[in-house]
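One point on numbering: in full-length UniProt numbering, the residue at position 94 of the sequence shown is 94, and numbering is uninterrupted.
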Amino acid sequence: MLTGNGCPKTALSIRDALEALEGRWKLLILFALSSGPKRFRQLSAEVTGITDKVLSKELKALEMNRLINRQVFDTFPPTVEYSITEHGASLEKVLEELHYWGLAHRAKIIG
């Protein structure tokens, strides 16, 4: 795909994927949720370096793209839990390949 002539439909689908997953944090949030549902504070602690403001924004974007579910429980104070959707879980192979590429890249750059 990368060596042939690019197809406009291929470019469009890649653009769509990049828009849904853009930024530094979305894939890390999905990775954190892949082990099971989590509350906001759990995600904040697991995704090292993310601010609460950015986490909130990224969770809204992931929910809008139907990659995660947000469930509000009728408790006081309200409890909110986030979980990965089937659509979000379909990115497992992408995350796995990105992991292997990252390992190879680190070895090539750092040595």
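Idealized CB from N, CA, C, for every residue including glycine. For clarity, every value in this text was computed on a predicted model and none was experimentally measured.
>> I need the straight-line Cα distance from V80 to G111, nearest angstrom please.
In response: 43 Å
> Which whole-angstrom value describes the C-beta separation of P37 and Y82, a residue pair presumed to lie in contact below a C-beta threshold of 8 Å?
Replying inline: 7 Å
>> According to DSSP, is E58 part of a helix, a strand, or is it coil?
In response: helix
>> Considering only DSSP beta bridges, list what S83 is partnered with.
In response: N69
> What residue does the alpha helix (DSSP H) around E46 start on, and which one ends it?
Replying inline: 40-46
> Nearest-angstrom Cα distance between A20 and A61?
Replying inline: 8 Å
> Grouping DSSP H, G and I as helix and E and B as strand, with all else coil, what is E22?
Replying inline: coil
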